[in-house]
Amino acid sequence: MSANIWHQMNKEEVLISLKTSHEGLSENEVNRRQQIYSNNLDSSSGVSPLKMLANQFTDTMVLVLLGAAVISGAIGAMVDTLTILAIIILNAILGFIQEYRAERSLEEIKQLTSPTAIVLRGNKRCKVEASSLVPGDIVILETGDKIPADARLLTAYSMGADESALTGESIAVEKDADNILAEATSLAERTNMVYMGTSIIRGRGTAVVVATGMNTIVGEIARMIQQTVKNMTPLQKKLDQLGKNLITICIIVCATVAILGISRGEPVMAMLLTGISLAVAAIPEGLPAIVTIVLAVGVQRMAKQNAIIRKLPAVETLGCTTVICSDKTGTLTQNQMTVTRIASIDDIYEIQFDNNIPKFINLSNGSLNKKKPVLDALLQVAFHCNNAVYESHQKEKFSGDPTEIALKKLVDIQGINNSVNRLLEIPFDSERKRMSVIVEDNNQILLYCKGALDSLIPLCASINKQGKIQKLTHRDVQQFMELQSKWAGEALRVLGFAYRELRNTESTEEKLENNLILLGIVGMIDPPRPGVADSVLVCQQAGIIPIMITGDHPDTALAIGKMTGITNQNEVINGTQIDKMSDRDLYDRAIKNRVFARVTPQHKFRIVTVLQKRRQIVAMTGDGVNDAPAVKAADIGVAMGKTGTEVTREASCMVLTDDNFSTIIAAVYEGRAIYDNIRKFLRYLLGCNIGEILVMFLASLLSLPLPLLPIQILWVNLITDGLPAMALGMEPPEKDIMKRPPRPVNENIFARGLGWKVFNRGIFIAIITLTSFIIGMLYCKMNAINDLSLPRTMALTTLVLSQLCYVFECRSETQSPFELGITGNKYLLAAVFCSLIMQLIALYTPFAQQIFHTVALNSWQWAIIISLSSARLLFAYIKYLSRRIFVSGLHYVKISAR
11 MSANIWHQMN
21 KEEVLISLKT
31 SHEGLSENEV
41 NRRQQIYSNN
51 LDSSSGVSPL
61 KMLANQFTDT
71 MVLVLLGAAV
81 ISGAIGAMVD
91 TLTILAIIIL
101 NAILGFIQEY
111 RAERSLEEIK
121 QLTSPTAIVL
131 RGNKRCKVEA
141 SSLVPGDIVI
151 LETGDKIPAD
161 ARLLTAYSMG
171 ADESALTGES
181 IAVEKDADNI
191 LAEATSLAER
201 TNMVYMGTSI
211 IRGRGTAVVV
221 ATGMNTIVGE
231 IARMIQQTVK
241 NMTPLQKKLD
251 QLGKNLITIC
261 IIVCATVAIL
271 GISRGEPVMA
281 MLLTGISLAV
291 AAIPEGLPAI
301 VTIVLAVGVQ
311 RMAKQNAIIR
321 KLPAVETLGC
331 TTVICSDKTG
341 TLTQNQMTVT
351 RIASIDDIYE
361 IQFDNNIPKF
371 INLSNGSLNK
381 KKPVLDALLQ
391 VAFHCNNAVY
401 ESHQKEKFSG
411 DPTEIALKKL
421 VDIQGINNSV
431 NRLLEIPFDS
441 ERKRMSVIVE
451 DNNQILLYCK
461 GALDSLIPLC
471 ASINKQGKIQ
481 KLTHRDVQQF
491 MELQSKWAGE
501 ALRVLGFAYR
511 ELRNTESTEE
521 KLENNLILLG
531 IVGMIDPPRP
541 GVADSVLVCQ
551 QAGIIPIMIT
561 GDHPDTALAI
571 GKMTGITNQN
581 EVINGTQIDK
591 MSDRDLYDRA
601 IKNRVFARVT
611 PQHKFRIVTV
621 LQKRRQIVAM
631 TGDGVNDAPA
641 VKAADIGVAM
651 GKTGTEVTRE
661 ASCMVLTDDN
671 FSTIIAAVYE
681 GRAIYDNIRK
691 FLRYLLGCNI
701 GEILVMFLAS
711 LLSLPLPLLP
721 IQILWVNLIT
731 DGLPAMALGM
741 EPPEKDIMKR
751 PPRPVNENIF
761 ARGLGWKVFN
771 RGIFIAIITL
781 TSFIIGMLYC
791 KMNAINDLSL
801 PRTMALTTLV
811 LSQLCYVFEC
821 RSETQSPFEL
831 GITGNKYLLA
841 AVFCSLIMQL
851 IALYTPFAQQ
861 IFHTVALNSW
871 QWAIIISLSS
881 ARLLFAYIKY
891 LSRRIFVSGL
901 HYVKISAR
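So that you can map any letter, position 601 of the sequence shown is 611 in the numbering used here, and since no number is skipped, the others follow by simple counting.
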């Protein structure tokens with residue numbers, strides 16, 4: 011039977027439908043039903059570890075690298091072979107760990123349910139394993155119990171449940187077994203139901219199990235997590251496509267070079283080796299490793315800012331985030347009810363907290379912490395008419411109802427009379443809407459009462475004005491009711507406080523709660539986190555749309571949305587409206603209104619997927635179990651580290667250890683910087699590789715001898731593709747990085763002219779390398795030297811130096827390397843220095859000369875090589891100086907004109 015019908019039925023109808031009774035099922039019937047229903051929260055097995063590991067070797071770039079490793083081994087380049095294999099294995103291990111951890115989400119959900127339950131079976135009370143529960147079982151619930159399955163309440167005595175993990179609402183839900191609700195009633199308002207994974211924070215009752223295992227609300231969430239297919243990130247898609255393109259280009263070009271050489275009469279084996287070496291050089295086998303290292307460095311920087319990245323590709327994806335869908339409770343807000351206002355008939359106080367110490371600001375005169383007798387009396391009632399318990403002497407550690415915890419935090423323990431002895435409690439229930447306690451204080455018997463103002467005022471005959479007891483007037487009542495209405499409009503929860511002295515003759519509840527003295531009212535809310543409003547503003551300046559999605563009340567959601575700057579609209583979209591919307595309408599309303607309330611996990615999931623269908627890159631933040639499916643489905647799932655559940659953390663890509671929404675902005679900043687740096691070293695690597703390919707290709711077209719031997723091609727690949735490219739990944743972020751809009755999700759990685767810059771520099775590198783080779787050949791011809799060692803050494807050195815000069819051009823797409831400052835990236839300077847030393851060793855040590863077929867160069871040869879290699883940098887410097895001279899002259903003219 012559908013899970014959405016039980017709250018619509020009365021208790022007897024539910025029992026009849028489930029073929030059970032108030033006495034519970036018999037053992038035989040339980041055994042029979044256990045054969046029909048799966049074990050409570052039993053699930054199918056996930057992907058096997060072996061298959062997860064095998065999946066790591068299906069990526070296109072990995073296949074390219076495997077091919078490069080085979081080719082390198084075939085031509086005897088064992089160093090290259092071992093390096094490439096190490097890169098492949100490292101990437102496979104990282105990918106396996108990430109996928110394995112993600113699959114643990116379902117296991118973590120199993121921890122939400124209580125391991126045992128108290129049930130009635132055959133009218134006998136017994137303790138059983140929660141996994142053995144079946145629909146129709148009668149469970150007995152007490153304060154502190156975790157709910158073991160979804161159940162319809164049969165009895166509820168002063169029962170309140172914490173359902174924040176499912177609904178996101180921090181206020182305890184008052185339960186009433188006698189309620190019969192409409193079909194469209196949201197999960198957060200089903201007061202006659204209890205759900206697996208939630209807990210009873212006060213009261214007691216009984217309930218009949220209506221759903222177990224994967225049929226519970228938590229089970230549905232588990233299924234959604236399990237069935238969610240994680241798409242490739244934008245960068246992964248682009249690198250995968252790049253790998254495919256490189257394979258095609260390399261095969262064509264390398265085959266062409268080999269065929270042209272053979273047709274010219276070059277030895278077949280020599281040309282095959284040349285083609286293979288060129289293929290190895292053309293494939294940027296270091297690219298995956300460099301991407302991984304750059305992402306890992308970004309992870310370290312984010313960790314210092316309290317953002318823990320669980321999946322490396324998420325770092326880059328953050329940079330193109332266009333929408334941040336945020337849960338309210340615990341993400342935008344502090345996930346704890348906090349008193350912000352107190353009013354007596356004479357004064358209104360604003361409450362501010364400094365290191366958990368309350369400060370009382372009197373709004374009528376601005377005085378700080380000057381509490382009047384009425385306020386002291388109200389705080390006394392708030393403290394003692396309260397069942398929240400201190401878990402330690404630190405005031406931030408409590409257990410109990412969130413509302414009562416907020417009241418306890420309001421009170422300075424040192425200023426409270428702890429000699430008060432509680433004699434009796436008249437508990438809160440949904441009909442009375444109030445709670446009272448009878449205490450003994452200095453031989454006085456007092457009744458303290460708190461509750462909804464409309465239930466409290468009819469019981470009050472007097473009011474405390476400036477410490478004096480006076481008759482409660484209609485004007486007094488009107489003043490408080492107007493103030494309550496105003497505070498409610500600001501999404502504050504309002505409670506009234508009263509007291510009276512008792513006489514021994516009064517005994518019944520009606521007599522006790524009568525002729526009360528009204529003290530005042532308290533307003534509380536789960537407030538926004540400090541700095542969230544500023545972070546939302548930075549989001550909007552960066553072209554990112556913030557959206558709030560919560561299971562909380564619409565008024566509360568709208569108030570928090572306005573406080574944080576997420577919305578300036580006056581309308582909130584609720585779950586019932588979402589069910590009636592088409593995907594197009596839902597998308598339009600999401601972008602315009604930006605606040606959703608009373609939504610289920612299914613609604614959150616749908617909102618995320620609808621945004622993704624419209625090419626939005628979505629980050630979803632959350633802390634509760636209810637957020638987990640949407641968090642996993644999002645391009646970037648962000649979980650809270652402190653208040654978040656383990657389920658949500660396992661489903662996420664990133665965990666905020668400080669639970670601070672503002673940390674997401676720092677992570678977006680890093681993500682954008684990392685993508686910029688990936689483009690920079692791609693520009694460098696591919697420009698260099700194109701240059702190497704074109705050198706050989708043009709030489710073949712021009713019928714020139716091979717300008718580089720296979721071993722020399724591999725040497726260039728070794729000393730210029732590694733350290734300098736990696737150092738580019740450490741380039742500091744550019745200043746305007748958070749002033750740009752997010753890059754389009756379908757943007758080509760070579761967009762904004764990068765492809766032309768890569769090809770242009772590749773042509774330039776090829777031309778100057780061939781020029782150097784031809785000059786060397788002419789010198790040998792003039793001096794009757796038949797050996798090509800000198801021309802090849804000149805070509806090799808020109809190729810290396812031109813690439814090392816080119817790396818400085820790649821530091822920015824918009825600024826000259828001289829504008830950035832030569833010392834702006836110390837890692838790059840060190841990398842270039844190391845590469846130069848290695849090249850000099852290849853030129854001037856006899857052992858290396860034999861291996862690489864090089865000769866020592868003299869001064870005029872160095873002059874030619876340096877002139878050719880640095881021509882681009884020299885041109886850039888002249889352009890930089892000209893611009894500075896022009897700007898300085900313009901500035902001088904403006905000053906003179908004044």
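Backbone N, C-alpha and C define an ideal beta-carbon position, used for all residues, glycine too.
Computed from a predicted model, the values in this text were never measured in an experiment.
Checklist entry - Around the Cβ of K248, are there at least 16 other Cβ atoms within 10 angstroms (buried) or fewer (exposed)? => result buried
Next on the checklist: Looking at V605: is its Cβ nearer than 8 angstroms to the Cβ of A567?
Outcome noted: yes
Checklist entry - Comparing alpha-carbon positions, which option in T779, E511 and Y854 lies nearest N452? => result E511
Checklist entry - Hey, V504 and V218 are a contact pair by Cβ (cut 8 angstroms); roughly how many whole angstroms apart? => result With 8 angstroms as the limit, V504 and V218 do not qualify as a contact, their Cβ atoms being about 35 angstroms apart.
Item to check | Neighbour-count burial assignment, C136, 16 or more Cβ in a 10 Å radius | outcome: exposed
Checklist entry - Exposed or buried, which one is S713 when buried takes at least 16 other CB atoms within 10 Å? => result exposed
Item to check | Same chain only: Cβ atoms within 8 angstroms of C820, ignoring 5 sequence neighbours per side | outcome: K690, F691, R693, Y694, G697 and L738
Next on the checklist: Taking 8 angstroms as the threshold (C-beta atoms), are I874 and S799 in contact?
Outcome noted: no
Next on the checklist: Less than 8 angstroms between C-beta atoms, sequence neighbours within five positions excluded: which residues of the same chain meet that for K652?
Outcome noted: T667, D668 and D669
Checklist entry - Who does T803 pair with in a DSSP beta bridge? => result Beta-bridge pairing links T803 to no other residue.
Next on the checklist: Please return the same chain residues whose Cβ sits closer than 8 angstroms to the Cβ of L122, not counting the five positions on each side in sequence.
Outcome noted: Low confidence applies to L122: its pLDDT is 49, below 50, so where it sits in the model is not reliable enough to give any reading.
Item to check | As assigned by DSSP and simplified to three states, the class of S336 | outcome: strand
Item to check | Straight-line gap, Q722 to L838 (C-alpha atoms, nearest Å) | outcome: 23 angstroms
Next on the checklist: So, with DSSP's three-state summary, where would you put S429?
Outcome noted: coil
Item to check | Counterpart residues of A317 in DSSP-defined beta bridges | outcome: L666
Next on the checklist: Assuming V301 and M740 are in contact, meaning their beta carbons sit under 8 angstroms apart, how far apart are those beta carbons, in whole angstroms?
Outcome noted: About 13 angstroms; that fails the 8 angstroms criterion.
Checklist entry - A187 and L164 look like a contact to me (Cβ under 8 angstroms); what is the Cβ gap, rounded to whole Å? => result 6 angstroms
Next on the checklist: Once DSSP output is grouped into helix, strand and coil, what is the label at L163?
Outcome noted: strand
Checklist entry - Who pairs with Q909 in a beta bridge, going by DSSP? => result No answer is possible for residue 909: the residues shown for the chain start at 11 and end at 908.
Next on the checklist: Excluding the 5 residues flanking L547 on each side, which residues of the same chain have their C-beta closer than 7 angstroms to its C-beta?
Outcome noted: G575
Checklist entry - Between the C-alpha atoms of S545 and P743, what's the straight-line distance to the nearest angstrom? => result 19 angstroms
Item to check | Between the CA atoms of L469 and Q480 - distance to the nearest angstrom | outcome: 15 angstroms
Next on the checklist: Using a Cβ-Cβ cutoff of less than 8 angstroms, which residues in the same chain neighbour I554 once the five nearest sequence positions on both sides are dropped?
Outcome noted: T331, T332, V333, I334, V678 and P752
Checklist entry - When DSSP labels each residue in this structure, what does N584 get in the three-state scheme? => result strand
Item to check | Three-state class that DSSP yields for V220 in the structure shown | outcome: strand
Item to check | Best match in I775, R882, V865 and R750 for proximity to P801 [C-alpha to C-alpha] | outcome: V865
Item to check | Reduced DSSP secondary structure (H/G/I, E/B, other) of V349 | outcome: strand
Next on the checklist: With a threshold of 8 angstroms, are at least 3 pairs of Cβ atoms found where one atom belongs to the segment 411-419 and the other to the segment 370-388?
Outcome noted: no
Next on the checklist: I need the straight-line Cα distance from G763 to S822, nearest angstrom please.
Outcome noted: 13 angstroms
Checklist entry - Just reading off the alpha helix (DSSP H) that D731 is part of, what are its end residues? => result P720 to D731
Checklist entry - How should A64 be labelled, buried or exposed, when 16 other C-beta atoms within 10 angstroms of its C-beta is the threshold for buried? => result exposed
Checklist entry - Y694 lies in the alpha helix (DSSP H); which residues open and close that run? => result F671 to L711
Next on the checklist: Closest to L733 by C-alpha separation, out of I777, I785, K836 and A683, would be which residue?
Outcome noted: K836
Checklist entry - DSSP state of D797, grouped into three classes? => result coil
Checklist entry - What is the DSSP secondary structure of D536, counted as helix, strand or coil? => result coil
Item to check | L116 to T222 span [Cα, whole Å] | outcome: Unreliable placement is indicated for L116, whose pLDDT of 42 sits below 50; the coordinate value is still reported in the next sentence. About 15 angstroms.
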